[in-house]
Structure formats: C-alpha cells, structure tokens
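Engineer: Take this structure first; my questions come after.
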Amino acid sequence: VVLVGGAEDRELCERIARGLSPEPAVAAGRTSIMESAALLKFCSVLVSNDSAPVHIASAVGTPVVAIFGPTVPAFGFGPYGPGHGVVELDLPCRPCSVHGGRRCPEGHFMCMRGITPEMVLKEVWARLDVERRR
Numbered sequence: 004v005v006l007v008g009g010a011e012d013r014e015l016c017e018r019i020a021r022g023l024s025p026e027p028a029v030a031a032g033r034t035s036i037m038e039s040a041a042l043l044k045f046c047s048v049l050v051s052n053d054s055a056p057v058h059i060a061s062a063v064g065t066p067v068v069a070i071f072g073p074t075v076p077a078f079g080f081g082p083y084g085p086g087h088g089v090v091e092l093d094l095p096c097r098p099c100s101v102h103g104g105r106r107c108p109e110g111h112f113m114c115m116r117g118i119t120p121e122m123v124l125k126e127v128w129a130r131l132d133v134e135r136r137r
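Residues in the sequence shown are numbered from 4 upward in steps of one, following my numbering.
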C-alpha cells in the first residue's frame, strides 16, 4: 500500500499511515507527476477520489476505483477506459458543484459519509479479480 497525493496531503497521509499495520509508504508530496505515473504503473489497483491520480492511473493502465461524492463522473472526471470502478451514491442533492468543495450546501455530506468501506472493497476486489485473470 502506497499513499499518494500532493504536498498538501502529506500530513494527512502520514497520520493515516501511522494508524495502519503494516504501515504503508507515504509518497504524497514526494513525487513529480512522471514519478507518480511510474509508481502507479506498478500498483494492482488505485483507490482515489475524483482527482489527478485517477487520470494518471488510467493512463498507465492501472485499474481504478474512483470515489465520487459531490461531483459525478458525467462531468468528465471519471477514469478513462474499460475495467474501472466507480463508487457513488444516488442522492437528489448530487451533483452540488462541478469541482466539489469543503462545504456541503445541505450541511450533511451524505454523498461521502454514506459510502461504506464495504462498497469500496467490493469494487477493489472486482478489479483485483480482473487483474489476476490477465
């Protein structure tokens, strides 16, 4: 397990890493875009919100599980190509903006809070099963 992201994500990634066993590597803020692409190329699957790593991983052929909260894949932010998974909830308040944000207009953030680890793991296992069949 490798935690990726920008320099602004590093502190959070380090806190998350300390809570896991075995402790994963933290690459957040330590790699260029090209280095991130090389790293993601060797991953079996990427789990990410709708951000740059989704597009980098899909470009290098790594299966993606993209988590969408306030935004929707129909805006063009989903992973490109076949074999990727999307986790999202069908809520009447979605989408609430084009790029998401730190504030929920409804005050509940159910679009993210309602997504369970089991929902994400189901998509991860589906991607890993496809990877094993290759």
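Where a beta carbon is used, it is the ideal one built from N, C-alpha and C, also for glycine.
The model shown is predicted, which means the values in this text are computed figures rather than measured ones.
1) Given a cut-off of 8 Å on the beta-carbon distance, is the pair V7 and A41 in contact?
2) Residue range of the beta strand (DSSP E) that S51 falls in?
3) Got a sec? Which residues, its chain only, sit under 8 Å from Y83 by beta carbon, not counting five neighbours each side?
4) Please go through the same chain and pick out, in chain order, the residues whose beta-carbon is closer than 6 Å to the beta-carbon of R13, but skip the five residues on each side of it.
5) Going by the beta-carbon positions, is the gap between P48 and V101 smaller than 8 Å?
6) Are the C-beta of P120 and some C-beta of chain B separated by less than 8 Å?
7) Note down, one range per segment and in chain order, each alpha helix (DSSP H) of at least 4 residues found wholly within the stretch 97 to 130.
8) Just the Cα atoms here: how many angstroms apart are P73 and P98?
9) Counting along the chain, where does the beta strand (DSSP E) carrying V57 start and finish?
10) Go ahead and pull the three-state DSSP assignment for A69.
Structural biologist: Put simply:
1) no
2) 49 to 52
3) H58, S61, A62
4) A31, G32
5) Sequence check: residue 48 is Val here, not Pro. For V48 and V101, no; Cβs fall outside 8 Å.
6) Looking at the structure shown, chain B is missing, and only one protein chain is on hand.
7) 113 to 116
8) 5 Å
9) Per DSSP, V57 belongs to no beta strand (DSSP E); it is in the alpha helix (DSSP H), 55 to 62.
10) strand
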